[in-house]
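For reference, the structure is listed below as C-alpha coordinates.
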Amino acid sequence: MHEKQFIGYEYQERVVEKKYEPVYLDAYPNFGWVIDQHHKSTQNPNNIMLHMKRNHDLVNRIEIKRLENKFQATMNEIIKIEKRNQLIPTIQACLVGLFGTALIVGAFFIHNVSSLYLSLLFGLVGFIGWVLPYFIYKTQFEKRTHHNQDSVESKYDAIYDLTKRAHQLCYMD
(Lines of atoms letter the chains of each structure in order from A and count residues from 1; the text may use other names and numbers.)
(Lines give C-alpha, C1' and ligand atoms only; values in the text may rest on other atoms or scores of the structure.)
Protein backbone atom coordinates (compact mmCIF):
# COMPACT_ATOMS: atom_id res chain seq x y z
CA MET A 1 0.00 0.00 0.00
CA HIS A 2 1.26 3.47 -0.92
CA GLU A 3 1.42 6.00 1.94
CA LYS A 4 0.77 9.63 1.26
CA GLN A 5 3.31 11.94 2.86
CA PHE A 6 2.07 14.72 5.17
CA ILE A 7 2.41 18.26 3.84
CA GLY A 8 1.65 21.22 6.08
CA TYR A 9 0.66 24.35 4.21
CA GLU A 10 0.77 28.01 5.05
CA TYR A 11 -1.96 30.12 3.49
CA GLN A 12 -2.09 33.68 2.31
CA GLU A 13 -4.65 35.96 0.75
CA ARG A 14 -3.42 38.97 -1.18
CA VAL A 15 -5.48 41.77 -2.72
CA VAL A 16 -3.80 43.24 -5.81
CA GLU A 17 -4.84 45.74 -8.43
CA LYS A 18 -6.27 44.12 -11.54
CA LYS A 19 -3.71 45.98 -13.64
CA TYR A 20 -0.86 44.09 -11.93
CA GLU A 21 -2.58 40.68 -11.80
CA PRO A 22 -0.32 39.06 -14.45
CA VAL A 23 2.84 40.15 -12.60
CA TYR A 24 1.63 38.65 -9.33
CA LEU A 25 0.34 35.47 -11.00
CA ASP A 26 3.74 34.98 -12.64
CA ALA A 27 5.80 35.89 -9.58
CA TYR A 28 4.19 34.13 -6.62
CA PRO A 29 4.69 30.56 -7.90
CA ASN A 30 8.42 31.31 -7.96
CA PHE A 31 8.26 31.90 -4.21
CA GLY A 32 6.75 28.47 -3.69
CA TRP A 33 3.13 29.61 -3.62
CA VAL A 34 0.43 27.64 -5.39
CA ILE A 35 -2.43 29.89 -6.42
CA ASP A 36 -5.62 28.06 -5.49
CA GLN A 37 -7.94 30.65 -6.93
CA HIS A 38 -8.14 34.27 -7.94
CA HIS A 39 -11.27 36.32 -8.39
CA LYS A 40 -12.52 39.89 -8.29
CA SER A 41 -12.54 41.48 -4.87
CA THR A 42 -16.00 42.04 -3.42
CA GLN A 43 -15.05 45.45 -1.99
CA ASN A 44 -13.41 46.91 -5.10
CA PRO A 45 -13.98 45.64 -8.66
CA ASN A 46 -10.56 47.00 -9.70
CA ASN A 47 -8.84 44.58 -7.32
CA ILE A 48 -8.19 40.86 -7.52
CA MET A 49 -8.12 38.52 -4.52
CA LEU A 50 -5.43 35.83 -4.71
CA HIS A 51 -5.78 32.75 -2.49
CA MET A 52 -2.47 30.93 -2.19
CA LYS A 53 -0.80 28.13 -0.27
CA ARG A 54 2.73 26.80 0.01
CA ASN A 55 4.56 24.01 1.75
CA HIS A 56 5.40 25.10 5.28
CA ASP A 57 8.55 22.95 5.29
CA LEU A 58 10.16 24.77 2.36
CA VAL A 59 13.92 24.19 2.48
CA ASN A 60 15.14 27.78 2.13
CA ARG A 61 12.03 29.35 3.66
CA ILE A 62 13.71 32.32 5.37
CA GLU A 63 15.65 33.41 2.28
CA ILE A 64 12.59 32.91 0.07
CA LYS A 65 10.51 35.06 2.45
CA ARG A 66 13.19 37.75 2.35
CA LEU A 67 13.12 37.72 -1.47
CA GLU A 68 9.32 37.78 -1.41
CA ASN A 69 9.35 40.85 0.85
CA LYS A 70 11.80 42.55 -1.53
CA PHE A 71 9.49 41.67 -4.41
CA GLN A 72 6.51 43.19 -2.62
CA ALA A 73 8.47 46.33 -1.73
CA THR A 74 9.58 46.73 -5.36
CA MET A 75 6.01 46.27 -6.59
CA ASN A 76 4.86 48.92 -4.11
CA GLU A 77 7.48 51.30 -5.52
CA ILE A 78 6.26 50.65 -9.08
CA ILE A 79 2.66 51.26 -8.03
CA LYS A 80 3.67 54.46 -6.23
CA ILE A 81 5.55 55.77 -9.29
CA GLU A 82 2.63 55.02 -11.60
CA LYS A 83 0.11 56.63 -9.26
CA ARG A 84 2.33 59.71 -8.99
CA ASN A 85 2.42 59.78 -12.81
CA GLN A 86 -1.36 60.29 -12.67
CA LEU A 87 -1.69 62.41 -9.54
CA ILE A 88 0.50 65.38 -10.43
CA PRO A 89 -1.01 65.96 -13.92
CA THR A 90 -4.48 65.60 -12.37
CA ILE A 91 -3.69 68.30 -9.81
CA GLN A 92 -2.27 70.58 -12.50
CA ALA A 93 -5.32 70.12 -14.72
CA CYS A 94 -7.72 70.72 -11.82
CA LEU A 95 -5.94 73.93 -10.86
CA VAL A 96 -6.20 75.25 -14.42
CA GLY A 97 -9.89 74.25 -14.47
CA LEU A 98 -10.50 76.08 -11.19
CA PHE A 99 -8.74 79.15 -12.56
CA GLY A 100 -10.99 78.98 -15.64
CA THR A 101 -14.05 78.72 -13.41
CA ALA A 102 -12.90 81.74 -11.40
CA LEU A 103 -12.53 83.71 -14.64
CA ILE A 104 -16.06 82.71 -15.73
CA VAL A 105 -17.43 83.89 -12.37
CA GLY A 106 -15.40 87.08 -12.73
CA ALA A 107 -16.85 87.61 -16.20
CA PHE A 108 -20.36 87.31 -14.79
CA PHE A 109 -19.71 89.88 -12.08
CA ILE A 110 -17.88 92.26 -14.44
CA HIS A 111 -20.83 92.09 -16.84
CA ASN A 112 -23.21 93.08 -14.04
CA VAL A 113 -21.00 95.95 -12.92
CA SER A 114 -19.28 97.40 -15.98
CA SER A 115 -17.98 96.57 -19.45
CA LEU A 116 -19.39 93.94 -21.78
CA TYR A 117 -16.07 93.63 -23.65
CA LEU A 118 -14.05 92.98 -20.48
CA SER A 119 -16.69 90.45 -19.46
CA LEU A 120 -16.39 88.69 -22.84
CA LEU A 121 -12.60 88.64 -22.54
CA PHE A 122 -12.76 87.07 -19.06
CA GLY A 123 -15.39 84.61 -20.26
CA LEU A 124 -13.33 83.56 -23.28
CA VAL A 125 -10.18 83.05 -21.21
CA GLY A 126 -12.27 81.20 -18.60
CA PHE A 127 -13.71 78.92 -21.29
CA ILE A 128 -10.16 78.20 -22.49
CA GLY A 129 -9.39 77.37 -18.84
CA TRP A 130 -12.13 74.75 -18.99
CA VAL A 131 -10.92 73.17 -22.23
CA LEU A 132 -7.19 73.30 -21.54
CA PRO A 133 -7.07 70.85 -18.56
CA TYR A 134 -7.66 67.84 -20.81
CA PHE A 135 -4.64 68.67 -22.92
CA ILE A 136 -2.54 69.59 -19.88
CA TYR A 137 -3.33 66.26 -18.25
CA LYS A 138 -2.61 64.30 -21.39
CA THR A 139 0.75 65.94 -22.13
CA GLN A 140 1.94 66.00 -18.51
CA PHE A 141 0.93 62.36 -18.00
CA GLU A 142 2.83 61.28 -21.12
CA LYS A 143 5.82 63.40 -20.12
CA ARG A 144 5.96 61.95 -16.57
CA THR A 145 5.42 58.40 -17.82
CA HIS A 146 8.22 58.78 -20.34
CA HIS A 147 10.47 60.38 -17.70
CA ASN A 148 9.89 57.53 -15.20
CA GLN A 149 9.91 54.69 -17.74
CA ASP A 150 13.55 53.78 -17.15
CA SER A 151 13.01 53.66 -13.40
CA VAL A 152 9.96 51.40 -13.73
CA GLU A 153 11.75 49.12 -16.20
CA SER A 154 14.74 48.79 -13.86
CA LYS A 155 12.36 47.83 -11.05
CA TYR A 156 10.74 45.19 -13.27
CA ASP A 157 14.25 43.89 -14.04
CA ALA A 158 14.90 43.70 -10.29
CA ILE A 159 11.65 41.75 -9.88
CA TYR A 160 12.78 39.36 -12.61
CA ASP A 161 16.07 38.77 -10.76
CA LEU A 162 14.30 38.29 -7.41
CA THR A 163 11.82 35.78 -8.80
CA LYS A 164 14.57 33.94 -10.66
CA ARG A 165 16.64 33.57 -7.46
CA ALA A 166 13.57 32.51 -5.48
CA HIS A 167 12.69 29.92 -8.11
CA GLN A 168 16.21 28.49 -7.90
CA LEU A 169 15.94 28.27 -4.12
CA CYS A 170 12.50 26.61 -4.26
CA TYR A 171 12.89 24.15 -7.08
CA MET A 172 16.57 23.56 -7.82
CA ASP A 173 17.66 22.18 -4.45
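Numbering (the numbering used here), first residue to last: 14 to 186. The C-beta atom is built at its ideal place from N, Cα and C for all residues, glycine as well.
According to DSSP, residues forming a beta bridge with residue i
i: E23; result: R67
i: E16; result: In the DSSP output, where bridge partners are listed per residue, E16 has none listed.
i: M62; result: V28 and H52
i: V126; result: Answer is none; V126 lacks a bridge partner.
i: V72; result: Its beta-bridge partners do not exist; DSSP assigns none.
i: V165; result: According to DSSP, V165 bridges with nothing at all.
i: V47; result: K66
Where residue i falls, given that 16 or more other Cβ within 10 Å makes a residue buried
i: G139; result: buried
i: V109; result: buried
i: Y37; result: buried
i: I75; result: exposed
i: E81; result: buried
i: L63; result: buried
Distance between residue j and residue i (C-alpha atoms, nearest Å)
i: Y33; j: I61; result: 9 Å
i: K96; j: I149; result: 17 Å
i: A40; j: M185; result: 16 Å
i: G21; j: L145; result: 60 Å
i: I77; j: L111; result: 50 Å
i: A106; j: L134; result: 21 Å
i: I48; j: T114; result: 51 Å
i: L175; j: T55; result: 31 Å
i: V118; j: I101; result: 26 Å
i: M88; j: Q181; result: 21 Å
i: N73; j: I104; result: 46 Å
i: Q85; j: Y147; result: 34 Å
i: V28; j: P35; result: 13 Å
i: H52; j: W143; result: 40 Å
i: Y130; j: I141; result: 17 Å
i: N68; j: C183; result: 10 Å
i: R79; j: L116; result: 55 Å
i: K151; j: S167; result: 24 Å
i: S132; j: D163; result: 48 Å
i: K93; j: V165; result: 10 Å
Cβ-based neighbour list, residue i, same chain, cut-off 8 Å, excluding 5 preceding and 5 following
i: S128; result: none
i: L71; result: G45, I77 and C183
Beta-carbon proximity list for residue i, same chain, < 7 Å, skipping 5 on both sides
i: N98; result: F154, R157, T158 and N161
i: A171; result: T87
i: K31; result: N59, N60 and I61
i: I123; result: L131, S132 and F135
Chain-order list of residues whose beta-carbon lies under 6 Å from that of residue i (same chain, five-residue window excluded)
i: Q25; result: M65
i: N43; result: T176, A179 and H180
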